[in-house]
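Numbering (the numbering used here), first residue to last: 46 to 383.
Set out below in structure tokens:
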């Protein structure tokens, strides 16, 4: 702390402070039961300088006890003063400095020199010095406390490192979440734009191959007569064939369309591949087998062609037409001769 003092002020008093182990008679009379450890002899000149440092220059970082210990004439060992001793010495040195400065105020010449040569004595008692054993015990206690604090510090440092790692991972996770949210937002915007584009294509191209008059604006199938039913089926067959134009792009060809009346449950089958090949001889082997099976059943149970015709007209559930039955029977008759 000596760097806080002006070099000139420090040099003026550092070699003039003395000490001795002789007791101060005044304090011995007052405290004759306490043994004096050391007595300081402090000239007025030093006390006045201390007063100027503390009061005039307002150097509050240094105490009077600190100024006292700055003297080079102190013993090489450090005085381990108790706290109450430091407080007593601080108050006493403040009082002595103020008293010396006040006494020297307004004086000059020989009178001032005489005053500056005065000396004040300050005693430090044995009871105010820390006992070595107590100091050792305190040192051991402090060492133990230091060790505990060191362990706590290591634990806290490890915890700090762990928290730093967690914070770094949390920041990375947060950044990834922000990136994913940004990506989701961008993809969502793209999806909206694509949906709008698809909707525009549907609005533009969905009915390119369709007729806007496909909807039935009259009565339903079960509400009209037989003749009108046939007419409606013919219109429905034509419209459905045009509406299903895209089947060929998948490699399919429309063969039959099975329908069911919503109210009566009547089954209706629309044929698409028998207009140019309606004769029995142009049917596929599968269809020929089906017709031959029907002819066999009709012959076995003696069902006439007229009865079958009426039945096929009222319940058109995929049954072969009556003229196909006749042609099949004629074809079979050619095989046998009686």
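Where is the CB? At the ideal position from N, CA and C, for every residue including glycine. The model shown is predicted, which means the values in this text are computed figures rather than measured ones.
Beta-ladder partner(s) of residue i, from DSSP
i	result
residue 303	314
residue 174	126
C-alpha gap between residue i and residue j, whole angstroms
i	j	result
residue 222	residue 207	22 Å
residue 167	residue 91	13 Å
residue 338	residue 355	19 Å
residue 379	residue 357	26 Å
residue 131	residue 137	10 Å
residue 244	residue 316	35 Å
residue 190	residue 156	57 Å
residue 336	residue 369	7 Å
residue 89	residue 198	50 Å
residue 225	residue 240	22 Å
residue 334	residue 365	11 Å
residue 294	residue 279	25 Å
residue 75	residue 141	At residue 75, the pLDDT of 46 sits below 50, so the modelled position is not reliable and the matter cannot be decided from this model.
residue 376	residue 331	16 Å
residue 151	residue 139	20 Å
residue 95	residue 135	12 Å
residue 352	residue 274	21 Å
residue 235	residue 228	10 Å
residue 288	residue 264	21 Å
residue 194	residue 185	14 Å
residue 217	residue 196	31 Å
residue 230	residue 210	30 Å
residue 101	residue 159	23 Å
residue 179	residue 112	26 Å
residue 246	residue 290	18 Å
residue 82	residue 176	12 Å
residue 174	residue 161	31 Å
residue 182	residue 192	15 Å
Selected residue, minimal CA-CA separation from residue i, among the options
i	options	result
residue 172	126, 293, 277	126
residue 99	293, 244, 146	146
residue 305	269, 298, 314, 218	314
residue 267	205, 285, 308	308
residue 272	325, 359, 144, 296	359
residue 324	217, 276, 374	374
residue 87	163, 111, 80, 274	163
residue 348	371, 329, 302	371
residue 285	260, 218, 269	260
residue 165	144, 194, 158	144
residue 129	242, 181, 110	110
residue 386	149, 214, 182	Since the first residue shown for the chain is 46 and the last is 383, residue 386 is missing from the structure and cannot be characterised.
Burial state of residue i, where buried means 16 or more other Cβ atoms lie within 10 Å
i	result
residue 232	exposed
residue 121	Because residue 121 carries a pLDDT of 41, less than 50, the predicted location of this residue cannot be relied on, and the following value inherits that uncertainty. Answer is exposed; the Cβ neighbour count stays below 16.
residue 346	exposed
residue 212	exposed
residue 381	exposed
residue 84	buried
residue 340	buried
residue 93	buried
residue 169	buried
residue 187	exposed
residue 328	buried
residue 205	exposed
CB-CB length for residue i against residue j, believed under 8 Å
i	j	result
residue 277	residue 269	7 Å
residue 292	residue 299	6 Å
residue 367	residue 350	6 Å
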